[in-house]
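J.:
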Amino acid sequence: MRTPTGDEVEIKHVKELANGGARFDITADDGRKWRVDITRTGSIDLVTTWRDGVLEDLDEPDWMTDVIARLQRAA
Numbered sequence: 001m002r003t004p005t006g007d008e009v010e011i012k013h014v015k016e017l018a019n020g021g022a023r024f025d026i027t028a029d030d031g032r033k034w035r036v037d038i039t040r041t042g043s044i045d046l047v048t049t050w051r052d053g054v055l056e057d058l059d060e061p062d063w064m065t066d067v068i069a070r071l072q073r074a075a
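One point on numbering: in the UniProt record's numbering, the residue at position 51 of the sequence shown is 51, and numbering is uninterrupted.
In structure tokens, the structure reads:
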């Protein structure tokens with residue numbers, strides 16, 4: 001998927017959550033990766049982040065809200 005800023009991201013569904021939400025891995029082409037939980041209400045909970053396979057504290061990118069909105073529309 002291409003983000004509004006032109007970044008390419010890969011989205012992988014990890015699992016359904018007990019509360020009705022879902023967990024996804026979102027990987028950018030620059031090596032950053034976010035594991036996020038999307039709740040039933042649409043809020044985003046950041047679970048963990050990596051850079052090039054190493055745990056790292058990454059900020060949520062500006063395009064994340066747009067990517068999550070697209071996932072919700074596709075569901």
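Positions of the beta carbon are idealized from the N, C-alpha and C atoms, including for glycine.
Per DSSP, what are the beta-bridge partners of I44 in this structure?
T.: Note: I44 sits in a beta bridge opposite I38.
J.: Nearest by alpha-carbon distance to T39: which of E16, G6, K12 is it?
T.: The shortest Cα separation from T39 among E16, G6, K12 belongs to E16.
J.: Which residue wins for smallest C-alpha separation from E10, given the options F24, T48, D59, D57?
T.: Checking every option, the nearest Cα to that of E10 belongs to F24.
J.: What are the boundary residues of the alpha helix (DSSP H) that R70 is part of?
T.: Element bounds for R70: 64–74.
J.: Report the three-state DSSP secondary structure of A18 (helix, strand or coil).
T.: Three-state DSSP puts A18 in coil, outside helix and strand.
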